[in-house]
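Peer 1:
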Amino acid sequence: MAYELYYWPTIQGRGEFVRLALEEAGAAYVDAARRNKAGMSTMMKLMQAEQGTPPFAPPFLKAGKLIIGQTANILLYLGSRHGLAPASEAGRLWVHQLQLTIADLVQEVHDTHHPIGTMLYYEDQRKPAKKRTAEFWDNRAPKFLGYFERLVAGGGGTYLTGRKLTYADLSLFQIVEGLRYAFPKHMKTFERDIPKLVALHDRIAERPNIASYLASDRRIPFNKEGIFRHYKELDK
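Residues -16 to 219 in my numbering are what the sequence shown lists, from first letter to last.
(1) Please name the residue in H96, L58, S195 whose C-alpha comes closest to that of Q80.
(2) Buried or exposed: where does K45 fall if 16 or more other Cβ atoms within 10 Å of its Cβ makes it buried?
(3) Quick one: is D152 buried, meaning 16 or more other Cβ sit within 10 Å of its Cβ, or exposed?
(4) Closest to A11 by CA distance: which of G(-2), Y(-14), Q34 is it?
(5) On a CA-only basis, which of T116, N56, P41 is nearest I(-6)? Give me that one, please.
(6) If you check the beta carbons only, do H93 and A112 fall under 7 Å apart?
(7) Looking at the structure shown, is D218 part of a helix, part of a strand, or coil, going by DSSP?
(8) Is I39 helix, strand or coil by DSSP?
(9) Here's the rule: buried if 16 or more other CB atoms are within 10 angstroms of the residue's CB, otherwise exposed. What is F156?
(10) Do F205 and Y164 have their C-beta atoms closer together than 7 Å?
(11) How many Å lie between F173 and P167 at the Cα?
(12) Who are the Cβ neighbours of E6 in its own chain at under 7 Å, not counting the five residues just before and after it?
(13) Please name the residue, chosen from D218, R133, L29, V159, that lies closest to I187 on a Cα-to-Cα basis.
(14) Reducing DSSP to helix, strand and coil, say where I50 ends up.
(15) Less than 7 Å separating the beta-carbons of G209 and G(-4)?
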């Protein structure tokens, strides 16, 4: 069975966390909305359905008759089926908890450039964005990334939960990649405080399936439409 991933066709966004898991697992999947216009149309129809279990927003995954929405929920499903989550219930819940915390961090990153509203352009909220970005680097980034640094350091192995990779590790790779793109100056300094997290990022980048994906055209480049956006005035 080939999975069908539905997400916006021009950005990495939250869909990228799912793509990384599918790529690492070597799972057969179709990035449906990128394939053709019909895929985009199907995505909108599935969200607008009045019966069944329509997803609120992308990303969502079609697995046979199942339609699974919300990034962390999709990864919970994929993790246990593709060796990207612990075997025990306690372990699976722990990794799911970590992914939900990563989701909170993703929102914090998004709000650096859109602190007032998503329907407004960045240019309409530049001053609040500067304040929010300062708050992010003074308080929120140290709290979130410091937490994950502590977990990696205390995990007793190569990855968050020890010797075995999980989808949460892949998501942390994407966090570091995204912050490097959006805030290269801030990250150059801040990475001194998170050496274990940076080392985790580097190990994942070298994994064969991930390295192949990063070098392919399946990996959408970062741009100013996604979660991680680079604005020079916010990276001083």
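Positions of the beta carbon are idealized from the N, C-alpha and C atoms, including for glycine.
Peer 2: So, to answer that:
(1) Within the sequence shown, residue 80 is the residue found at index 97, counting from 1. When only C-alpha atoms are compared, the closest one is L58.
(2) Along the sequence shown, one-based indexing puts residue 45 at 62. The residue is buried, with at least 16 neighbouring Cβ atoms inside 10 Å.
(3) Here residue 152 corresponds to residue number 169 of the sequence shown, with the count starting at 1. With 16 or more Cβ atoms within 10 Å of its Cβ, D152 is classed as buried.
(4) The sequence position of residue 11 within the sequence shown is 28, counting from 1. For A11, the nearest C-alpha among the options comes from Y(-14).
(5) What you label residue -6 is simply residue 11 of the sequence shown in a count that begins at 1. The option with the nearest alpha carbon to I(-6) is P41.
(6) Position 110 of the sequence shown, counted from the first residue, corresponds to residue 93. Position 129 of the sequence shown, counted from the first residue, corresponds to residue 112. For the pair H93 and A112, the CB atoms are not nearer than the 7 Å cut-off.
(7) On the sequence shown, position 235 is the one that residue 218 refers to. If DSSP states are grouped into helix, strand and coil, D218 belongs with coil.
(8) Taking the first residue of the sequence shown as position 1, residue 39 is located at position 56. Before going on, a small fix: residue 39 reads as Phe here, not Ile. Residue state, collapsed to three classes: coil.
(9) As a working note, residue 156 is residue 173 in the sequence shown. Buried.
(10) Start at 1 with the first residue of the sequence shown, and residue 205 comes out as number 222. Start at 1 with the first residue of the sequence shown, and residue 164 comes out as number 181. Yes, these two residues count as a Cβ contact at 7 Å.
(11) As a first step, residue 173 must be located in the sequence shown, where it is residue number 190. As a first step, residue 167 must be located in the sequence shown, where it is residue number 184. As the crow flies, the alpha-carbon of F173 is around 10 Å from that of P167.
(12) In the sequence shown, residue 6 corresponds to position 23, counting from 1. Here the set comprises N192, I193, Y196.
(13) Here residue 187 refers to the residue found at position 204 when the sequence shown is read from its first residue. That would be V159, whose Cα lies nearest to the Cα of I187.
(14) Within the sequence shown, residue 50 is the residue found at index 67, counting from 1. Strand at I50.
(15) Counting from 1 along the sequence shown, the entry for residue 209 is found at position 226. Counting from 1 along the sequence shown, the entry for residue -4 is found at position 13. For G209 and G(-4), yes; Cβs fall inside 7 Å.
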